Amino acid sequence: MNYLAHLALNPSAQIGRIDALRIGNLLGDFVKGTETSLRLQLPADIVDGIILHRAIDKFTDKHPAFLASKELLAPERKRYAGIVVDIIYDHFLSIHWNQYHDEPLDIFITHIYSVLETNKEWQLGTLKKAFPQMKLQNWLACYATKEGIYQTFTRVANRGKFTAPIAKTHLDFDKHYSTFETHFHTIYKDLIEFKNQFRFQ
32 MNYLAHLALN
42 PSAQIGRIDA
52 LRIGNLLGDF
62 VKGTETSLRL
72 QLPADIVDGI
82 ILHRAIDKFT
92 DKHPAFLASK
102 ELLAPERKRY
112 AGIVVDIIYD
122 HFLSIHWNQY
132 HDEPLDIFIT
142 HIYSVLETNK
152 EWQLGTLKKA
162 FPQMKLQNWL
172 ACYATKEGIY
182 QTFTRVANRG
192 KFTAPIAKTH
202 LDFDKHYSTF
212 ETHFHTIYKD
222 LIEFKNQFRF
232 Q
């Protein structure tokens, strides 16, 4: 799952705790360290979110729908299949948001940006550098259109000299659009059940 899904997939929590869990769940892509080392440095709710992120990734990586989606990519993109499919799934989460979540997507996204602006101490790891561009280019909202997804593929492709093949992922995305969509619904329903049953240590 990519950024939007991780922010959305959180167990029910008390007001005041949910924002920290959400941002922690996002931070799983931006910080490293063992649970023990993280708990020595960060607030408990943030670390709980990071641990949930890792659990979601582990669940996703083994899911049949996710594995099937990875097989739809051209050989030159198989090396980055996990990253690419995560981005694709955020597109389908965006366009089917109201099917799974009560809060309107635009309000949800605005709230996330506001939380990160208000709690700058939560802009940890590489998120501190990425957040200004995330907000300026509105990464969380751009997944909703094909054009936004194409831009995301290009942005990710420019991260390094070996990631260039990602730029043409739109070819796989367009070719197998409906199949990716079916896979998304299958795995997201299972992820909702997973996060509802998840228990923090």
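Numbers in the numbering used here are just positions in the sequence shown, counted from 1, shifted up by 31.
From the three backbone atoms N, C-alpha and C, an ideal C-beta is built for every residue, glycine too.
Bear in mind the structure is a predicted one, so any value in this text is a computation, not a measurement.
Query	Result
Nearest residue (CA-CA) to T213, options H142, Q228, S100	S100
Boundaries (first-last residue) of the alpha helix (DSSP H) holding E178	177 to 188
Inter-stretch contact (C-beta, 8 Å, three-pair minimum) for the region 200 to 207 and the region 55 to 72	no
contact_flag[the region 124 to 137, the region 214 to 226] where n(CB pairs < 8 Å) is 3 or more	yes
Any non-hydrogen atom of the ligand ZN within 7 Å of F211 CB	Here there are no bound small molecules, and the ligand ZN is not part of this structure.
Distance CB(D79)-CB(G55) smaller than 8 Å	yes
Helix, strand or coil at P74 according to DSSP, with G and I counted as helix	coil
Beta-carbon contacts of Q154 that lie in its chain and below 8 Å, excluding the five residues immediately before and after	L147, F162
Residue from K177, R48, I81, K199 with nearest C-alpha to T185	K199
Minimum C-alpha distance to R85 - residue among G59, L40, A96, K109	G59
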